[in-house]
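S.K.: Before we start, here is the structure in question, set down as structure tokens.
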Amino acid sequence: MTTQTVPALQVYQGQFGQFTITQSDRLSVIIYRFGLMVAAVSFAIATALVLFSPTAAAIQAITPLYTLFALALGVSLFTIHIYMASLHRLLQLFWLIGCISAFIFAHVDKQPFAVTIYHEPLSIFGVGFLFAALTGIYFKEAFCFNRLETKVLTPIVPLLLLGHLTGILPTSGEQILLATWAIFFLVFAVRKVIQPIPPDIGDKSVFDYLKSQRTAKGV
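To convert, take the position in the sequence shown, counting from 1, and add 518; that gives my numbering.
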């Protein structure tokens, strides 16, 4: 009778002590990346429909694509590893406000969701919160991993949304920014898939230290 030896977990040295990466940690990163991929593909398909096939059926199809995009983004926001718990909760709150706003706009107007958002720029004050949360992910990834695509995406999102809100961007400019956003979002999602998992988990000793500090303060 043979017995199988369970491989020992690799021990990492963090800023505040040693830590190990569990299977649960790895699973959370995989789910985070899966959410990003689904969101990126949904966004890219919707963008392609708007730019290359703006038929009535295509515009209608954007609503379920946006729903899938929003849900996938939510999954990523609930599994992303961010040291600052307050920032993490803020991004999740932004996502929730954006989803609620989109739900309201989609049901109070008889027009397709995409048409309502395009012709009513003030709606960005509601749905824009979801994209603020997405920009938070881009900024975090740019800061942590110094990726070119996230450095491009971080300013593009507010530039496009604010440009449309104020009406200062021509239609051609909005189309260029939207296409650039979709392309770089896909590049970002694909590169996350092939990135080693441990860097996305981060230094768990920092998480433990911050948690102990919050516990000591009764937060």
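The beta-carbon is built from N, C-alpha and C at its ideal position, and this holds for glycine as well.
Would you mind sorting Phe587 into buried or exposed? The rule is 16 or more other CB atoms within 10 Å of its CB.
M.R.: Walking along the sequence shown from the start, residue 587 turns up at place 69. When all chains shown are included, Phe587 counts as buried.
S.K.: Should the segment 585 to 600 be called in touch with the segment 654 to 663, which here means at least 3 C-beta pairs below 8 angstroms?
M.R.: Counting Cβ pairs under 8 angstroms, three or more are found: they touch.
S.K.: Using CA atoms only, rank isn't needed, just tell me which of Ala558, Leu683, Ile548 is closest to Ile642.
M.R.: Stepping through the sequence shown from its first residue, residue 642 is reached at position 124. Nearest option by C-alpha distance: Leu683.
S.K.: Taking a contact to mean a Cβ-Cβ separation below 7 angstroms, would you say Leu583 touches Ile563 in this structure?
M.R.: Here residue 583 is taken as the residue at index 65 of the sequence shown, counted from 1. Here residue 563 is taken as the residue at index 45 of the sequence shown, counted from 1. Their beta carbons are under 7 angstroms apart, which means Leu583 touches Ile563 by this criterion.
S.K.: For Ile580 and Leu567, I'd like the C-alpha separation in whole angstroms.
M.R.: Within the sequence shown, the letter at position 62 stands for residue 580. Within the sequence shown, the letter at position 49 stands for residue 567. About 8 angstroms.
S.K.: Measuring straight from C-alpha to C-alpha, what distance separates Ala651 and Trp699?
M.R.: Against the sequence shown, residue 651 aligns to sequence position 133. Against the sequence shown, residue 699 aligns to sequence position 181. Rounded to the nearest angstrom, the two C-alpha atoms are 15 angstroms apart.
S.K.: Could you check which residue in Ile635, Ala624, Gln629, Leu648 has the C-alpha nearest to that of Leu609?
M.R.: The residue you call residue 609 lines up with position 91 of the sequence shown. Checking every option, the nearest Cα to that of Leu609 belongs to Leu648.
S.K.: With distances taken between CB atoms, is the gap from Leu678 to Leu666 smaller than 7 angstroms?
M.R.: For the purposes of this step, residue 678 is taken as residue 160 along the sequence shown, with counting starting at 1. For the purposes of this step, residue 666 is taken as residue 148 along the sequence shown, with counting starting at 1. No, the pair does not count as a contact, with Cβ atoms beyond the cut-off.
S.K.: Can you check the segment 605 to 660 for any alpha helix (DSSP H) of at least 4 residues that lies completely inside it and give the ranges in chain order?
M.R.: 631 to 637
S.K.: Grouping DSSP H, G and I as helix and E and B as strand, with all else coil, what is Thr538?
M.R.: Start at 1 with the first residue of the sequence shown, and residue 538 comes out as number 20. Note: Thr538 maps to strand in three-state DSSP.
S.K.: Out of curiosity, what's the CA-to-CA distance linking Asp718 and Phe621?
M.R.: One-based indexing of the sequence shown puts residue 718 at position 200. One-based indexing of the sequence shown puts residue 621 at position 103. If you take the alpha carbons of Asp718 and Phe621, they lie about 32 angstroms apart.
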